[in-house]
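>
Numbering (this note's numbering), first residue to last: 1 to 106.
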């Protein structure tokens, strides 16, 4: 048997005993029942809000990870372009040195 049915049976038995003993009126029990119902609704609302917040946090985390990956890819592309530019500059400098040395030999 699950806990909820056992708890409901316990509440029912306690209600009958309180009514039989005259310790509580039906109005008191109705007010208590209404309060329990409100607490359940509040609890469900809080659970739903927590789940929504967790989903939003996951979405923000995924977006941040995607942005970081895109930034890393951009940085790699910029690094590759800089390396290519440096190689071209070195080749141009080598060619200039070669031309200078040839002109000095003449």
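Just so you know, even glycine gets a beta-carbon here, dropped at the ideal spot from N, CA and C. No experiment lies behind these values; they were computed from the predicted model shown.
Are residue 18 and residue 27 closer than 8 Å when you measure CB to CB?
In this structure, residue 27 does not lie closer than 8 Å to residue 18 by Cβ.
> In whole angstroms, give me the CA-to-CA distance for residue 69 and residue 54.
Taking the straight line from one Cα to the other gives about 22 Å.
> What does the alpha-carbon distance come out to for the pair residue 67 and residue 51?
So the two alpha carbons sit approximately 24 Å from each other.
> Alpha helix (DSSP H) containing residue 87: first to last residue?
26 to 105 is the extent of the alpha helix (DSSP H) around residue 87.
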